[in-house]
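Some notes on the structure that comes next.
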DNA sequence: GACCGCTGCGTACTGTCGTACATATGACCT
DNA sequence: AGGTCATATGTACGACAGTACGCAGCGGTC
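Residue numbers (UniProt numbering), protein chains in the order written: chain L, 1 to 190; chain F, 1 to 190.
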């Protein structure tokens with residue numbers, strides 16, 4: 001890892017050539033948000049996570065809000081894209097239902113990270129208008145994806161149901177099992 | 001308001017006899033959380049909102065976390081009690097469904113305050129184990145209330161559906177109308 | 001009516017925050 | 001090769017946070 005032999009135990013760090021640092025900082029910010037929350041997401045914490053000096057933060061971003069906005073935008077895009085692909089790949093209504101169930105199950109089994117990020121975003125969006133656009137676009141894309149297979153009203157309702165199921169399941173000491181998820185979705189869609 | 005004539009334009013404020021101040025502080029904390037978020041809920045902000053000096057905070061509460069816990073507990077209790085009463089008052093399944101619809105509609109029309117507080121609580125609970133108990137108890141009471149009229153599985157699913165509907169509705173630029181809420185609930189329960 | 005202790009009040013201390021800024025360095029172009 | 005400029009770095013500064021603490025005044029008890 002250390003290009004120069006040693007000499008950086010406490011002294012001035014050697015200058016690093018680091019293209020794409022801005023991207024890494026955004027990813028680091030997402031990690032900090034997921035792990036410690038927006039409230040604890042500071043310039044210094046992000047810099048520490050990405051192993052860059054503090055001064056680098058203000059060079060790449062005009063303000064902390066700008067970092068948050070970029071981080072949440074990236075996350076929402078990534079999640080929405082996966083959701084869209086999964087539903088687009090479903091050939092018929094029946095497999096679309098299975099895809100929805102699979103998305104929820106993955107989300108529950110795959111740890112809380114995505115859910116935490118979603119809730120952090122919702123809350124941040126409630127206070128900062130700049131983030132409203134991000135949540136709006138995300139919801140819009142989710143519904144559009146559902147509309148490949150369901151009418152708009154159903155899409156909207158199912159989208160809300162998914163949110164509620166994931167949220168309550170994650171909050172509960174006894175998360176719902178995949179079978180219970182399947183039951184709830186089927187009950188609604190059949 | 002001013003018992004003594006004046007003399008408190010800038011000098012030392014006259015001492016106030018204020019039993020129940022602790023309760024007022026908890027309510028003030030809830031107000032601050034709803035308006036500015038947990039992140040901006042500081043000793044000084046709460047003191048300002050309740051119009052008490054800063055020193056009063058550390059006298060009545062050992063730490064900021066203690067205030068937050070008490071505030072959220074009070075809020076959850078209040079909301080859960082209302083929900084329970086409304087469902088308990090419903091004589092049959094049909095009016096129970098109407099009660100659920102009414103609760104959601106009230107929540108959406110009555111401003112975002114309760115929803116914001118709920119999301120703030122969810123997020124805070126995700127990081128502070130002490131608050132997990134509050135969310136657990138709240139969810140438990142909601143489900144129990146629904147179980148006056150529905151089987152446990154249905155109760156759990158409907159509870160999640162309610163959460164999702166309220167959340168998505170509040171986040172959207174076009175909140176769902178009472179008719180749309182009614183449609184979604186009926187579709188699930190009929 | 002005297003005292004005692006709970007409650008109210010002001011303020012100081014230490015740490016961390018966002019942000020600004022002066023300086024250094026090396027990758028790329030000519 | 002040499003110059004230039006985007007990028008990288010360390011540090012300073014003012015604001016504001018949580019918390020601690022000493023003193024003041026009043027209610028209730030004897």
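From the three backbone atoms N, C-alpha and C, an ideal C-beta is built for every residue, glycine too.
Note that the coordinates shown come from a computational prediction; the quantities given were computed from them, not determined experimentally.
Residue i versus residue j - alpha carbon distance
i                     : j                     : result
residue 150 (chain F) : residue 125 (chain F) : 28 Å
residue 28 (chain F)  : residue 49 (chain F)  : 6 Å
residue 83 (chain L)  : residue 25 (chain F)  : 45 Å
residue 156 (chain F) : residue 111 (chain L) : 21 Å
residue 154 (chain L) : residue 185 (chain L) : 12 Å
residue 70 (chain F)  : residue 165 (chain L) : 27 Å
residue 118 (chain F) : residue 158 (chain F) : 17 Å
residue 169 (chain F) : residue 105 (chain F) : 10 Å
residue 57 (chain L)  : residue 30 (chain L)  : 14 Å
residue 8 (chain L)   : residue 16 (chain L)  : Caution is warranted here: a pLDDT of 39 is assigned to residue 8 (chain L), below 50, making its placement in the model unreliable, and no coordinate value can be reported.
residue 196 (chain F) : residue 93 (chain F)  : Chain F is shown from 1 up to 190; residue 196 (chain F) falls before or after that span and cannot be answered.
residue 23 (chain F)  : residue 100 (chain L) : 46 Å
residue 163 (chain F) : residue 36 (chain L)  : 24 Å
residue 173 (chain F) : residue 19 (chain F)  : 44 Å
residue 103 (chain F) : residue 114 (chain F) : 12 Å
residue 41 (chain F)  : residue 34 (chain F)  : 9 Å
residue 143 (chain L) : residue 171 (chain F) : 14 Å
residue 97 (chain F)  : residue 32 (chain L)  : 42 Å
residue 14 (chain L)  : residue 61 (chain L)  : 22 Å
residue 39 (chain F)  : residue 59 (chain L)  : 26 Å
Residue i beta carbon near the ligand ADP (any heavy atom closer than 7 Å)
i                    : result
residue 23 (chain F) : You won't find the ligand ADP in this model; it holds no ligand whatsoever.
Opening and closing residue of the alpha helix (DSSP H) in which residue i lies
i                     : result
residue 35 (chain L)  : 21-36
residue 122 (chain L) : 113-127
residue 73 (chain L)  : 64-89
residue 178 (chain L) : 178-189
residue 103 (chain L) : 93-109
residue 12 (chain L)  : No alpha helix (DSSP H) contains residue 12 (chain L), which DSSP labels as neither H nor E.
residue 169 (chain L) : 152-171
residue 47 (chain F)  : 43-50
residue 60 (chain L)  : 55-60
Within chain F, the residues that residue i reaches when beta carbons sit closer than 9 Å
i                     : result
residue 173 (chain L) : 132, 136
residue 162 (chain L) : 164
residue 139 (chain L) : 168, 171, 172
Within chain F, the residues that residue i reaches when beta carbons sit closer than 8 Å
i                     : result
residue 119 (chain L) : 119, 122, 123, 126
residue 38 (chain L)  : 39
residue 64 (chain L)  : Chain F residues near residue 64 (chain L): none, gap ~12 Å exceeds 8 Å.
residue 167 (chain L) : 122, 160, 163, 164, 167
Chain F residues whose Cβ lies nearer than 7 Å to that of residue i
i                     : result
residue 33 (chain L)  : By Cβ distance, chain F contributes nothing, its closest Cβ being about 11 Å from residue 33 (chain L), past 7 Å.
residue 116 (chain L) : 126
residue 68 (chain L)  : Ordered by position in chain F, no residue passes the 7 Å Cβ test against residue 68 (chain L), which lies about 12 Å from the chain.
Interface partners of residue i on chain L, CB under 7 Å
i                     : result
residue 184 (chain F) : 157
residue 59 (chain F)  : Correct list: empty, because the minimum Cβ distance to chain L is about 26 Å.
Could you tell me whether the region 173-181 of chain L touches the region 85-92 of chain L, where touching means 3 or more Cβ pairs closer than 8 Å?
no
Would you check if the region 126-142 of chain F and the region 62-71 of chain F touch, i.e. whether three or more CB-CB distances between them fall below 8 Å?
yes
So does the region 136-147 of chain L actually touch the region 73-81 of chain L, counting three or more Cβ pairs closer than 8 Å?
yes
Is the region 100-114 of chain F touching the region 37-53 of chain F, taking contact as three or more C-beta pairs under 8 Å?
no
Listed in chain order, which residues of the region 141-159 of chain L have Cβ atoms closer than 9 Å to some Cβ of chain F?
153, 154, 156, 157, 159
Between the region 80-111 of chain F and chain L, which residues of the former have a C-beta closer than 8 Å to a C-beta of the latter?
none
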